[in-house]
Amino acid sequence: MLNGVSPGRFLRDLYHATTEDNVFNGAAALGFYLTLALFPALIATMSIIPYLPIDNVDRAIMDLLGQALPDQASGMVRDVVGQVTGERRGGLLSFGLLGTVWATTTGMYAVMQQLNITYDVKEARSFVRARLVALGLSLLFEVMVIGAFSLIVLGGILQDWIGNRYGFSGVLLTFFATFRWVVIVLALLLGFAVIYRYGPNIRERFVFITPGSVVGTALLIAASLGFSLYAGHFADYDATYGSIGAVITLMLWLYIAGLVILLGSEINVLWRRYGGGPNQQPLTAEE
Numbered sequence: 001m002l003n004g005v006s007p008g009r010f011l012r013d014l015y016h017a018t019t020e021d022n023v024f025n026g027a028a029a030l031g032f033y034l035t036l037a038l039f040p041a042l043i044a045t046m047s048i049i050p051y052l053p054i055d056n057v058d059r060a061i062m063d064l065l066g067q068a069l070p071d072q073a074s075g076m077v078r079d080v081v082g083q084v085t086g087e088r089r090g091g092l093l094s095f096g097l098l099g100t101v102w103a104t105t106t107g108m109y110a111v112m113q114q115l116n117i118t119y120d121v122k123e124a125r126s127f128v129r130a131r132l133v134a135l136g137l138s139l140l141f142e143v144m145v146i147g148a149f150s151l152i153v154l155g156g157i158l159q160d161w162i163g164n165r166y167g168f169s170g171v172l173l174t175f176f177a178t179f180r181w182v183v184i185v186l187a188l189l190l191g192f193a194v195i196y197r198y199g200p201n202i203r204e205r206f207v208f209i210t211p212g213s214v215v216g217t218a219l220l221i222a223a224s225l226g227f228s229l230y231a232g233h234f235a236d237y238d239a240t241y242g243s244i245g246a247v248i249t250l251m252l253w254l255y256i257a258g259l260v261i262l263l264g265s266e267i268n269v270l271w272r273r274y275g276g277g278p279n280q281q282p283l284t285a286e287e
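Per UniProt numbering, residue 1 is the first one in the sequence shown, and the count goes up by one each step.
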């Protein structure tokens with residue numbers, strides 16, 4: 001119960017809010033724009049990683065994509081990104097970078113517009129300012145991804161060093177497996193918190209843990225693992241759609257990701273409406 005609001009009423013209000021804001025249609029739009037943005041973002045990230053002093057970060061990112069995505073989609077992503085980055089290493093500071101940045105920010109810009117609908121605010125930021133915010137969020141997410149996976153890689157190096165010195169015990173392997181997931185969960189929580197604060201055109205202080213970010217993180221992990229299991233064992237998109245089966249699978253996964261983002265924002269709005277959380281002032285559009 002929250003200020004007299006029962007879980008049943010909360011779920012009914014959540015259903016009405018998602019219907020009123022056309023969340024499912026918005027998630028479909030996000031799935032399309034995120035598909036366009038995914039490859040440029042990964043290509044830019046993989047082009048930066050070779051200049052870092054930590055090895056195998058790119059392999060860790062691709063390994064996690066392989067676990068989260070069905071085999072068809074992860075294979076396609078790995079092949080495309082590997083081919084492009086293999087041919088264009090060191091070409092980051094070229095005119096191709098402008099197109100990469102524009103395509104990457106397009107997905108983030110679409111997320112920002114959908115979040116404005118959820119928070120019931122109009123976009124008062126100019127086109128240039130909104131694009132700069134989208135660029136800043138995109139760069140921040142790239143830094144977060146690289147930083148999180150650098151920690152995971154360093155944890156693996158530390159695990160090997162301790163294991164070679166003292167032996168690979170079950171406790172050691174369990175600890176580092178848990179550490180890996182803790183880093184991933186914290187990175188997801190931070191990502192949701194950042195996008196819910198700076199994505200929509202609102203003014204409020206930054207909050208790391210919100211009901212929407214917690215639910216969004218849990219749903220995204222569960223949905224990714226569940227959809228990967230379903231696509232790998234029950235749905236044969238290659239047999240149905242032929243060579244574009246991998247693209248269909250990828251777009252469905254990104255549709256789910258967009259749906260989770262929007263559902264989390266709807267939960268935050270309802271939570272605030274019922275008086276929960278530290279921010280209880282009305283939402284205010286930034287000028």
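The beta carbon of each residue, even a glycine, is placed where N, CA and C say it ideally should be.
| According to the neighbour-count rule (16 or more other Cβ atoms, all chains shown, within 10 Å of its Cβ), is P7 buried or exposed? | Position 7 of the sequence shown holds residue 7. Its Cβ having fewer than 16 others within 10 Å, P7 is exposed.
| Buried or exposed: where does D21 fall if 16 or more other Cβ atoms within 10 Å of its Cβ makes it buried? | Within the sequence shown, the letter at position 21 stands for residue 21. D21 comes out buried.
| said: Within a Cβ cutoff of 6 Å, which residues of the same chain sit near G107, ignoring the five residues on either side of it in sequence? | reply: To locate residue 107, count along the sequence shown from 1; it is residue 107. So the list reads Y33, L34 and A37, once near-sequence residues are dropped.
| task | Have a look at A17 and Y274 and give me their C-alpha separation to the nearest angstrom. | result | In the sequence shown, residue 17 corresponds to position 17, counting from 1. In the sequence shown, residue 274 corresponds to position 274, counting from 1. So the alpha carbons of these two residues sit roughly 14 Å apart.
| task | On a CA-only basis, which of L186, A110 and G147 is nearest G258? Give me that one, please. | result | Counted from its first residue, the sequence shown places residue 258 at position 258. When each option's Cα is compared against that of G258, the closest is A110.
| request: Give, in chain order, every unbroken run of the alpha helix (DSSP H) that is at least 4 residues long and sits entirely within the segment 14-57. | output: 23-48
| request: Could you check the C-alpha separation between A134 and G191 for me, to the nearest Å? | output: Taking the sequence shown and counting its residues from 1, the one referred to as residue 134 is at position 134. Taking the sequence shown and counting its residues from 1, the one referred to as residue 191 is at position 191. Going by the C-alpha atoms only, they are around 14 Å apart.
| field | C-alpha gap between F24 and A177, whole angstroms | value | On the sequence shown, position 24 is the one that residue 24 refers to. On the sequence shown, position 177 is the one that residue 177 refers to. Roughly 35 Å between the two C-alpha positions.
| task | Assign G75 to one of two classes, buried (16 or more other C-beta atoms within 10 Å of its C-beta) or exposed (fewer than that). | result | As a first step, residue 75 is located in the sequence shown; it is residue number 75 there, counting from the start. That one is exposed.
| request: Could you tell me if Y15 is buried or exposed, where buried requires 16 or more neighbouring beta carbons within 10 angstroms of its beta carbon? | output: In the sequence shown, the residue the question calls residue 15 occupies position 15. Y15 should be labelled exposed.
| Given W102 as reference, the closest of Q113, Q114, I117 and G136 once Cα atoms are compared | Counting from one through the sequence shown, the residue named residue 102 turns up at place 102. Checking every option, the nearest Cα to that of W102 belongs to G136.
| Residue closest to R129, alpha-carbon to alpha-carbon, out of A27, W161, G199 and F206 | If you number the sequence shown from 1, residue 129 lands on position 129. The shortest Cα separation from R129 among A27, W161, G199 and F206 belongs to G199.
| Which value, in whole angstroms, describes the spacing of the CA atoms of G163 and A187? | Locating residue 163 in the sequence shown gives position 163, where the first residue counts as 1. Locating residue 187 in the sequence shown gives position 187, where the first residue counts as 1. Using only the alpha carbons, I get a separation of about 26 Å.
| query | Skipping 5 residues on each side, what residues in its chain have a beta carbon closer than 8 Å to that of R131? | reply | Reading the sequence shown from its first residue, position 131 is the one you call residue 131. Same-chain partners within the cutoff: T105 and Y109.
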